[in-house]
Amino acid sequence: MALEEREWRPITFQGVKFPATLMGVSILEPVLGIKDHEFIDWVWGLRVCCGRERSAPAEFCARLAQRSVDLMLEHRQQVLDGIRERLGPQGFDADMTFRDWIMAFQRIHDLSAGIEGDCVWSAPLHPNDMKAADWQRLDAALERARKKLLETGELDVRDGSDDTEKG
């Protein structure tokens, strides 16, 4: 089964394109029970980059990429089982995905190690992704809801479509 291109996209890190399977790495947190927020934020940040450039200090990227490799090798079977259980239904092959991730993290480490400044990465937009105007409208709606909550103590997140009262 092929991966759904809307959900799983190749990530380009420092100009090097990695397989779309790398977008699945966020499962490492729950599969391995990771509680380190620095690690969690970085791994999630790798995935949340569609249509925008993300960056982090190179030393940080090198250190966390190496930590990812170490954790995956130390808990190989647990990671393989997690890939099978959580990503298999979306078309991921556990063995191939594990190899992809190890190779990607090793390469990310190598690309990051010894350079000054930030590393950058991104993934392409999909035609059905929210555009800048959509995000601005969402931001405005959230700001209105926040103001209402602060003023009245009430939070109404409904869009009206589930109202049961008849006027």
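For any residue, its number in the numbering used here is found by taking its place in the sequence shown, counting from 1, and adding 30. All C-beta atoms, glycine included, are put in the ideal place defined by N, C-alpha and C.
- Looking at the DSSP output, Trp151 shares a beta bridge with Phe43 and Arg84.
- For Phe122, the secondary structure class from DSSP, reduced to helix, strand or coil, is coil.
- Taking each of Ala153, Ala171 and Ala170 in turn and checking the Cα distance to Ala50, the smallest one comes out for Ala153.
- Thr42 has its alpha-carbon roughly 14 Å from the corresponding atom of His139.
- Where Pro60 is concerned, the enclosing alpha helix (DSSP H) starts and stops at Leu58 to Leu62.
- Residue environment analysis places Met126 among the exposed positions, since fewer than 16 neighbouring C-beta atoms fall within 10 angstroms of its C-beta.
- Under the three-pair Cβ rule at 8 Å, the segment 116-126 counts as touching the segment 48-67.
- In the DSSP assignment, His67 falls within the unbroken alpha helix (DSSP H) covering His67 to Arg77.
- Residue pairing from DSSP places Phe48 in a beta bridge opposite Ile41.
- Taking a 10 Å sphere around the C-beta of Arg39, we find 16 or more other C-beta atoms and assign the residue as buried.
- Comparing C-alpha distances from Arg129 to each of Gly147, Glu146, Gln107 and Ala170 shows the shortest one belongs to Gln107.
- Straight across, the Cα-Cα distance linking Asp111 with Glu104 is about 14 Å.
- Cβ atoms of Trp131 and Cys79 stay farther apart than 8 Å, at about 16 Å.
- By the criterion of a C-beta distance shorter than 8 Å, Leu94 is surrounded in its chain by Glu68, Phe69, Trp72 and Val73, once the five residues flanking it on both sides are discounted.
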